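A.B. asks: In the working numbering, the protein residues as written are 10 to 257.
Ideal placement from N, C-alpha and C gives every residue a C-beta, glycine not left out.
Since the structure is predicted, the reported quantities are computational estimates derived from the model, not experimental observations.
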């Protein structure tokens, strides 16, 4: 049974803006670039993350937002699930059948020129794999959102540890997170090359985990409209008014 039509459509620019407004309104720990990285990881990982887990990663797993209205909660979850389904549909297309229209480009924001200049002029320290390039660069927040999921559910992602090639697939995300290659610190920051490899990285990880889990991938179905006394769409099992709809 296919997903409901309202969760089949890719996000348009005004809907990305709305998601960004909701993230800002409820003080999330990520912007829409970071949120897209979280959603991408939840789509290609060992299992489909329920909305409550996606929410916890976006808000640092601390205090979850108290949505002011059922409409805000419904919009937030619907936008995230639609983007997740876009990635899922992309994974399901055979490699030799993919067209330009099938690609879900990562949501990447423009970087302040001063921050970009600081990143470009930074000199990487030698023998310090934990160093992070100063400034900001395109793809940085996407990679950090993606790696939040990897870190939070590392036990589940640990199947990668047994397969060196599969673990190596994470390289574009790690490179965009740190801003340089610790093995070659003098190399120029090549964000464009890392970004080009993000979608292949997601497909490789999805293929690995689908084979490991031996189960197919299905898009999420549309959640029901939320009322004050309905179960919260985050999946907690509580009524909306006593969970995400609680008065802050």
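Which of helix, strand or coil does DSSP assign to residue 247?
C.D. replies: By 1-based counting over the chain shown, the position of residue 247 is 238. Coil at residue 247, not helix or strand.
A.B. asks: What are the partner residues of residue 240, as DSSP defines its beta bridges?
C.D. replies: Against the chain shown, residue 240 aligns to sequence position 231. Note: residue 240 sits in a beta bridge opposite 248.
A.B. asks: Measuring alpha carbon to alpha carbon, tell me which of 143, 177, 82, 241 ends up nearest residue 27.
C.D. replies: Looking up residue 27 in the chain shown gives position 18. Comparing Cα-Cα distances from residue 27 to each of 143, 177, 82, 241, the minimum goes to 82.
A.B. asks: Tell me the DSSP secondary structure of residue 73 in three-state form.
C.D. replies: By one-based count along the chain shown, residue 73 stands at place 64. Three-state result, residue 73: coil.
A.B. asks: Quick one: measure Cβ to Cβ for residue 259 and residue 146, integer angstroms, because I've assumed they're closer than 8 Å.
C.D. replies: In the structure displayed, the chain extends from 10 to 257; residue 259 sits before or after that span and is not available.
A.B. asks: Grab me the residues of residue 172's own chain with a C-beta within less than 8 Å of its C-beta, minus the 5 sequence neighbours each way, in chain order.
C.D. replies: Here residue 172 is taken as the residue at index 163 of the chain shown, counted from 1. Hits under 8 Å: 217.
A.B. asks: Mapping the DSSP letters down to three states, classify residue 61 as helix, strand or coil.
C.D. replies: As a working mapping, residue 61 is identified with position 52 in the chain shown. Three-state result, residue 61: helix.
A.B. asks: Which residues bound the alpha helix (DSSP H) around residue 157?
C.D. replies: Taking the chain shown and counting its residues from 1, one reaches residue 157 at position 148. From DSSP, the alpha helix (DSSP H) with residue 157 extends over 149-161.
A.B. asks: Could you give the first and the last residue of the continuous alpha helix (DSSP H) run that contains residue 97?
C.D. replies: To locate residue 97, count along the chain shown from 1; it is residue 88. Per DSSP, residue 97 belongs to the alpha helix (DSSP H) from 79-101.
A.B. asks: Could you give the DSSP three-state label for residue 179: helix, strand or coil?
C.D. replies: Sequence index remark: in the chain shown, residue 179 carries index 170 (1-based). Residue 179 falls in the coil class under three-state DSSP.
A.B. asks: Within its chain, find whatever has a CB closer than 6 Å to the CB of residue 196; leave out the 5 residues flanking it on each side and keep chain order.
C.D. replies: For this step, residue 196 is matched to residue 187 along the chain shown. If we look at residue 196 and ignore the five residues flanking it on each side, its Cβ neighbours are 190.
A.B. asks: Whose CA, out of 177, 126, 134, 69, lies closest to the CA of residue 157?
C.D. replies: Reading the chain shown from its first residue, position 148 is the one you call residue 157. Selected option, being the one with the closest Cα: 69.
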